[in-house]
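Notes follow once the structure below has been shown.
Protein chains: 2
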Amino acid sequence: MNKLQKIDAYWRAANYLSIGQIYLLDNPLLTEPLKPEHVKPRLLGHWGTTPGLNFCFAHLNRIIAERDQDMIYIAGPGHGGPAAVAHAWLEGSYTERYPAISQDAEGMRRLFRQFSFPGGIPSHVAPETPGSIHEGGELGYALAHAYGAAFDNPALVVACVIGDGEAETGPLAASWHSNKFLDRERDGVVLPILHLNGYKIANPTVLARIPEEELVKLMEGYGHRPHIVSGDDPETVHQIMAQTLETVFDQITEYKAGRADRLPMIILRTPKGWTGPKEVDGVQVEGTWRAHQVPLSGMRDNPEHLVMLEEWMRSYRPEELFDEHGRPVAEVLATVPAGTRRMSASPHANGGELLRPLVLPDFRAYAVETKSPAAHSSEPTRVLGAFLRDVIAANPDSFRLMGPDETASNRLQAVFEATDRAWNAQVLESDEHLGAGGRVMEVLSEHLCQGWLEGYLLTGRHGLFNCYEAFIHIIDAMFNQHAKWLESSRKIPWRPPVASLNYLLSSHVWRQDHNGFSHQDPGFLDVVMNKKAEVVRVYLPPDANTLLSTADHCLRSRDYVNVIVAGKQPILDVFTMDEAIAHCTRGLGIMPWAGTDAGVEPDVVLACAGDVPTLETLAAAALLREHLPELKVRVVNVVDLMRLQPPTEHPHGMSDAEFDTLFTPDKPVIFNFHGYPWLIHRLTYRRTGHANIHVRGYKEEGTTTTPFDMAMLNDIDRFHLVIDVIDRVPGLAERAAYLRQHMVDSRLAARAHTRVFGEDPAEIRDWTWPQ
Amino acid sequence: MNKLQKIDAYWRAANYLSIGQIYLLDNPLLTEPLKPEHVKPRLLGHWGTTPGLNFCFAHLNRIIAERDQDMIYIAGPGHGGPAAVAHAWLEGSYTERYPAISQDAEGMRRLFRQFSFPGGIPSHVAPETPGSIHEGGELGYALAHAYGAAFDNPALVVACVIGDGEAETGPLAASWHSNKFLDRERDGVVLPILHLNGYKIANPTVLARIPEEELVKLMEGYGHRPHIVSGDDPETVHQIMAQTLETVFDQITEYKAGRADRLPMIILRTPKGWTGPKEVDGVQVEGTWRAHQVPLSGMRDNPEHLVMLEEWMRSYRPEELFDEHGRPVAEVLATVPAGTRRMSASPHANGGELLRPLVLPDFRAYAVETKSPAAHSSEPTRVLGAFLRDVIAANPDSFRLMGPDETASNRLQAVFEATDRAWNAQVLESDEHLGAGGRVMEVLSEHLCQGWLEGYLLTGRHGLFNCYEAFIHIIDAMFNQHAKWLESSRKIPWRPPVASLNYLLSSHVWRQDHNGFSHQDPGFLDVVMNKKAEVVRVYLPPDANTLLSTADHCLRSRDYVNVIVAGKQPILDVFTMDEAIAHCTRGLGIMPWAGTDAGVEPDVVLACAGDVPTLETLAAAALLREHLPELKVRVVNVVDLMRLQPPTEHPHGMSDAEFDTLFTPDKPVIFNFHGYPWLIHRLTYRRTGHANIHVRGYKEEGTTTTPFDMAMLNDIDRFHLVIDVIDRVPGLAERAAYLRQHMVDSRLAARAHTRVFGEDPAEIRDWTWPQ
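Top to bottom, those sequences are chains A and B.
Residue numbers for the first sequence follow our numbering, so the first one is 9 and each next one is one higher.
Residue numbers for the second sequence follow our numbering, so the first one is 9 and each next one is one higher.
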């Protein structure tokens with residue numbers, strides 16, 4: 009056998025194994041004629057994309073072996089799961105991870121049976137699949153994941169097969185320009201393989217049907233050197249592919265050596281369901297959308313289809329591919345690389361194996377001095393920026409900060425003292441902080457920020473995504489899929505933990521007064537809370553020092569999604585650093601200096617979560633102290649939202665006894681919350697005193713106005729909180745009628761001031777805790 | 009003045025008015041030297057993109073007038089709000105909509121003052137802006153909106169300015185290929201104007217910094233004929249732009265006449281903040297990211313900046329542009345079109361003016377026959393498909409069905425008896441239902457489906473978006489922005505209602521057993537519920553007939569977002585058509601035949617919402633009837649989720665008295681829900697009996713398995729519901745211990761069957777209500 013014949017043998021073996029997974033319960037080697045009971049009752053795989061995925065993998069293996077190339081493989085069409093599993097089994101890594109699935113006939117039988125079978129493995133490339141960092145259940149993210157994996161891995165090539173269906177999605181379309189953010193020296197290379205098999209589920213695809221000249225221009229417009237591999241005769245296409253890969257990897261070498269500026273990519277045109285049944289029941293299947301899932305079905309009742317299935321499987325000549333024990337023969341394995349060079353065994357695709365803890369400077373060194381509480385203001389994210397600057401400096405090849413061009417706007421600009429924004433396109437003299445190898449990744453695409461970071465984390469590195477709060481909804485779906493990946497991978501013993509996905513949401517709803525209604529939405533928290541408790545964490549530090557402590561904690565954590573909401577505008581410094589650490593460790597606590605309940609049961613609890621709600625709560629507490637000094641008010645601040653839940657619902661959850669001690673079982677609680685109010689009800693509805701908890705929060709009242717007017721529009725302002733107290737504390741209505749009217753008047757006066765002068769009254773803007 | 013001079017005069021006037029809005033409280037015509045108190049205390053506009061937006065608008069006006077062209081204008085950089093407002097004021101339409109903002113000095117003063125001022129108007133192009141269908145607060149959707157507007161408007165040109173920041177987003181990148189879905193005969197034309205001013209907030213943009221040759225190839229690769237207009241000398245750029253627009257509109261004419269296949273687009277390269285201050289405090293501003301928001305600030309304390317502002321404004325020579333009363337002079341208005349040809353007064357940009365009700369066939373004609381309840385099955389979406397087929401046939405130019413290549417998968421394929429999928433790229437012989445002018449829009453991009461539909465609806469037409477439930481999260485952010493648009497526009501008297509945005513979510517969480525965990529997420533409902541009650545509606549019809557009734561209702565509605573969740577797999581027919589209409593009209597109700605509570609207070613209520621939860625609830629009710637016949641069980645089905653809320657929270661809300669009558673104030677309620685369980689708690693936590701409501705729903709337990717195993721994994725299955733009843737009804741535990749154990753065993757037996765045979769037990773799969 010020559011080398012191409014060996015590649016073909018491998019390919020045939022992978023195709024055979026893929027079909028076996030989709031169809032067979034038993035008789036894996038076809039040692040006897042196929043019977044109906046050998047076939048699965050439900051056929052749930054996707055054949056259409058599979059031969060193409062197998063073809064690429066087979067050819068890339070030769071390159072890896074010949075050039076000793078470090079490479080991983082991202083299968084954009086993740087529903088071609090059987091392909092990825094077949095490779096892992098052929099390469100032996102499947103058996104290493106799952107010893108029961110041995111590399112022999114019995115193992116093959118189990119391999120086939122478990123696929124998409126209850127109690128078995130998913131039909132998609134999934135966390136369960138060795139060599140995978142990309143699921144592909146929801147399409148669009150393959151190329152962004154590939155770039156994330158390539159960053160800071162200078163010797164790595166990430167081969168990324170992009171289905172032509174996926175290529176129609178927005179995130180994928182945007183991802184092509186990721187090459188403008190790649191550094192020749194410090195980063196690896198992404199090799200996109202646009203696999204045009206022509207169809208998505210039931211339709212042709214755009215890129216398969218535009219003139220080839222346009223397609224080539226498009227790829228050149230994306231900054232690539234496209235190479236076309238096209239055909240349906242395996243022998244011919246093998247030759248073209250092998251030659252093309254030589255050229256492609258030569259071009260990659262040229263690029264790495266600085267002799268070329270543009271990286272290659274491959275356009276692979278092969279029939280959908282290639283080598284599958286050409287026609288079924290008189291209708292063309294191979295090369296059409298009909299090959300998308302299972303080209304043959306109804307085998308249990310249709311003897312003709314059963315025969316076709318057997319003929320189809322035998323067309324790969326399994327007797328040449330596997331020995332009598334079911335083991336792949338030497339020729340099949342001839343091009344399989346060794347050890348961790350196997351793409352199914354690469355530690356890059358199991359990032360926890362490579363993860364090193366961040367070198368973290370002592371966050372306490374960045375503290376703002378707080379001599380007395382709530383007397384002075386800081387900009388929390390600006391303070392955090394200095395910490396992040398030093399995190400970047402201390403971890404020059406394993407930490408990245410992502411943001412959709414909002415890093416400076418979010419006031420993290422201290423990071424630019426340590427690094428640049430990654431950029432390899434044209435640089436002008438007037439540009440600032442722009443350059444190859446920059447640790448800050450800024451592109452006006454939340455999808456790219458998220459996709460890059462996911463790829464970066466899953467290959468064993470660290471990062472943080474800073475974003476305007478309202479626009480983080482853009483990646484709701486991506487967050488969901490990543491959280492699901494974590495939920496699944498936590499159950500897989502051979503996947504060590506990876507660094508958490510950290511969000512810093514700033515420019516939040518209460519300080520988007522100037523940008524208006526479209527920029528005002530705190531609902532990402534609700535999306536996050538739908539995922540499993542063991543993977544999600546939500547923090548609302550009320551000031552700069554608590555933000556520092558929270559950020560340090562999140563950067564050390566593993567396998568979570570951490571969401572931190574923190575403002576960039578000046579906000580009162582409430583805690584000293586020591587207090588901040590204690591407060592964040594508890595996750596919530598009483599602020600004794602702000603209350604009037606020293607040592608006794610309070611009449612009312614003012615609870616708060618979020619910086620602006622905390623400010624307004626403190627101001628309300630001060631008003632109550634001044635006007636109703638005999639009222640016993642307790643002020644409770646919540647940083648870690650998960651503490652509010654019962655321990656049965658979340659590992660951070662508080663016992664009912666603790667909750668009742670803090671919030672009382674029966675006194676009114678006025679809870680001033682950063683987000684939509686019902687989230688607090690959802691977290692607390694099982695608590696004894698739930699009926700007494702009255703939540704204020706964002707109720708979708710917004711426009712372009714001033715900060716305090718935004719608070720008033722949604723009734724989270726200090727005056728309204730005092731009104732709430734008066735209305736809720738039994739017996740207070742009459743005694744405090746004058747104060748209530750005073751609060752109503754104060755609201756009207758504030759609004760009138762705003763309407764006339766275009767800004768908030770100075771006494772509100774500059775309010776501090778009475779000293 | 010020659011024509012270009014007149015265009016220049018208009019442009020200068022628009023620039024002047026834009027700056028005035030951003031900066032001035034008073035002294036609009038600079039009739040006296042500028043004083044600090046004339047300047048706004050907070051400067052909140054965006055100058056950077058504004059001169060470019062003004063430039064395009066000015067030149068397009070000439071084309072409209074000369075060619076009598078019907079045109080609308082979409083300003084992708086929507087934060088250039090001052091531009092859109094300036095044009096509406098110059099064209100007189102602003103004063104027509106808001107008479108207090110007269111077209112004179114006093115009106116100009118008010119115009120300036122109200123901009124981004126508390127109680128005034130948003131800083132973005134918004135529903136409040138005449139001539140607008142696109143906000144642009146969240147970037148990415150301009151071009152998709154433009155195509156949506158162009159569909160079925162054969163005489164219309166939609167000019168769409170795309171900021172080079174926005175061009176980095178995924179949705180925008182995908183939108184370029186929308187031209188493959190445009191029909192020469194039936195649709196209008198989109199003219200993309202890619203405005204490269206080089207910067208986003210604080211960074212250069214990708215498309216501004218790639219070699220021009222690559223950029224041109226990219227645009228050609230997208231299937232366009234690019235034209236470059238570039239420069240910084242206004243006189244020169246005026247000439248190039250005017251000539252280019254002649255060529256461009258000639259090419260559009262050629263295209264419409266069938267003499268050209270590719271449509272033109274324009275690449276406009278002008279400095280960011282063009283004609284603004286070149287340098288401020290020794291730093292370059294014009295042509296850099298520093299011009300993004302306000303190039304000058306601190307005027308109240310910095311006399312030098314105040315002088316610069318005055319000089320800048322006077323550089324437009326306002327005395328030539330406005331007469332002594334502040335009215336624009338004749339030369340400025342020379343190129344402004346008349347009446348509804350004014351882009352700021354186009355009825356296309358105020359779709360409610362053009363909206364005609366759909367011609368709807370009688371949905372009752374499509375009913376499935378239901379002789380006895382829950383005895384036979386139908387595929388609800390397949391039944392709906394026949395209705396939609398006839399909706400399409402009856403409304404050949406005003407209804408479109410959108411879907412990310414899932415229309416057939418969602419079993420709506422009857423629509424292809426009436427129409428094709430829209431497609432103008434290559435067609436092969438093997439293709440089915442593909443052609444220009446098709447009413448079904450299928451592209452593998454939820455963003456495009458959503459964006460096209462929004463543009464189509466806001467220009468006065470109708471549609472429905474069908475999507476897999478899990479992947480609708482991809483457009484969470486777009487849904488949010490559209491809901492906000494509706495929330496705002498409902499308050500604007502001159503915007504008549506538009507057709508609702510209708511979602512049909514199928515292939516839902518309970519029937520994604522075969523596709524696995526990544527396809528399982530019912531959380532879109534939670535996102536929807538965060539928007540204002542007056543714009544959102546959620547329906548969970550349990551069978552085919554209720555789906556028909558619900559769909560008919562939604563297609564008739566206005567200014568809502570309607571979400572319908574309905575399965576495609578066979579599900580029991582529960583209601584006759586007459587019963588379905590009554591049930592949907594009530595929104596929820598008792599199913600008397602399924603309960604054992606005839607005429608008396610029940611011991612327990614089994615409530616359900618969603619088709620699979622309803623099926624399992626019915627099966628549980630049958631088990632209880634068989635094994636515990638003396639137990640009084642009430643079965644309540646909920647179609648309209650909003651009915652559960654109090655009337656204070658939602659217009660559909662039920663009174664407490666009604667709620668207590670249905671659900672009892674004190675009996676256990678086992679609520680089996682389609683989505684995440686806490687949504688039901690959120691809707692009902694104020695009800696008397698809330699503490700007794702136990703909700704089952706999706707709790708993020710999923711994998712690739714069978715339908716019934718999915719139900720069991722999340723405890724919504726019939727057996728677990730019976731266990732819940734036994735555990736919750738006081739005194740039942742002992743009496744029903746045997747039944748409880750039987751249920752536990754039944755679960756284990758079902759799971760074992762699944763694991764062995766790969767499918768659900770036939771008696772569960774084929775279960776019907778005992779006849």
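Ideal placement from N, C-alpha and C gives every residue a C-beta, glycine not left out.
| Asked | Found |
| --- | --- |
| Helix, strand or coil for residue 301/A, going by three-state DSSP, please let me know. | coil |
| For the putative contact between residue 551/A and residue 589/A, defined by C-beta atoms under 8 Å, what is the C-beta separation to the nearest angstrom? | With a Cβ gap of about 13 Å, residue 551/A and residue 589/A do not count as contacting. |
| Please classify residue 62/A: does DSSP put it in a helix, a strand, or coil? | helix |
| Output, in chain order, the set of chain A residues within a Cβ distance shorter than 7 Å of residue 717/B. | 126 |
| Taking only beta-carbon atoms, is residue 439/A less than 8 Å away from chain B? | yes |
| Just to confirm my understanding: we take residue 352/A, look at its own chain, exclude 5 residues before and 5 after, and list those with CB closer than 6 Å. What are they? | 95, 96, 99, 101, 138 and 139 |
| Is the CB of residue 433/B under 8 Å away from at least one CB in chain A? | yes |
| With distances taken from CA atoms, which of 499/A, 362/A, 192/A and 47/A is nearest residue 311/A? | 47/A |
| Which parts of the segment 695-752 of chain A are runs of the alpha helix (DSSP H), unbroken and 4 residues or longer, counting only runs that do not cross its ends? | 715-721, 726-736 and 740-743 |
| Could you check what DSSP says for residue 346/A in three-state terms: helix, strand or coil? | coil |
| Go ahead and pull the three-state DSSP assignment for residue 488/B. | helix |
| Between residue 48/A and chain B, is the shortest Cβ-Cβ distance under 8 Å, so that the two count as touching? | yes |
| Which residue from 83/A, 714/A, 434/A and 168/A puts its Cα closest to that of residue 760/A? | 714/A |
| Would DSSP call residue 583/A helix, strand or coil? | coil |
| Just to confirm, are residue 744/A and residue 734/A a CB contact at a threshold of 8 Å? | yes |
| Take every Cβ of the segment 402-409 of chain A, pair it with every Cβ of the segment 366-375 of chain A, and state whether three or more of those distances are shorter than 8 Å. | yes |
| On the premise that residue 225/B lies in contact with residue 229/A, defined as a C-beta separation below 8 Å, what is that separation, rounded to the nearest angstrom? | 4 Å |
| Check whether chain A comes within 8 Å of residue 485/B, counting only Cβ atoms and requiring the distance to be less than that. | yes |
| Between the C-alpha atoms of residue 529/A and residue 180/A, what's the straight-line distance to the nearest angstrom? | 26 Å |
| Check whether the Cβ of residue 95/B lies closer than 8 Å to any Cβ atom in chain A. | no |
| Under 8 Å, Cβ to Cβ, is there at least one residue of chain A near residue 684/B? | yes |
| Chain A beta carbons: is any one of them nearer than 8 Å to that of residue 418/B? | no |
| Does any residue of chain B have a CB that is nearer than 8 Å to the CB of residue 132/A? | yes |
| Work out the CA separation of residue 374/A and residue 560/A for me, nearest whole Å. | 11 Å |
| Mind listing the chain B neighbours of residue 555/A? Cutoff is C-beta to C-beta under 9 Å, in chain order. | Per Cβ cutoff of 9 Å: no residues; residue 555/A is ~22 Å from chain B at best. |
| Would you list, in sequence order, the uninterrupted beta strand (DSSP E) runs of no fewer than 3 residues that lie entirely inside the segment 596-684 of chain B? | 596-598, 612-617, 641-646 and 677-681 |
| Could you check whether the Cβ of residue 488/B sits closer than 8 Å to any Cβ belonging to chain A? | yes |
| Roughly how many whole angstroms lie between the Cα atoms of residue 480/B and residue 454/B? | 7 Å |
| Please list, in chain order, the chain A residues whose beta carbon lies closer than 7 Å to that of residue 179/B. | 178 |
| Please report the distance separating the alpha-carbon of residue 753/A from that of residue 117/B. | 30 Å |
| Please specify which runs of the beta strand (DSSP E), each continuous and at least 3 residues long, are wholly inside the segment 520-594 of chain B, giving them in chain order. | 544-547 and 569-573 |
| Using the Cβ count rule (16 or more neighbours within 10 Å means buried), how would you classify residue 648/A? | buried |
| Could you have a look at residue 279/B and say whether DSSP puts it in helix, strand or coil? | coil |
| Check whether the segment 463-474 of chain B touches the segment 178-196 of chain A, taking contact to mean three or more Cβ pairs, one atom from each stretch, closer than 8 Å. | no |
| Determine contact between the segment 251-261 of chain B and the segment 254-269 of chain A, defined as no fewer than three beta-carbon pairs at a distance below 8 Å. | no |
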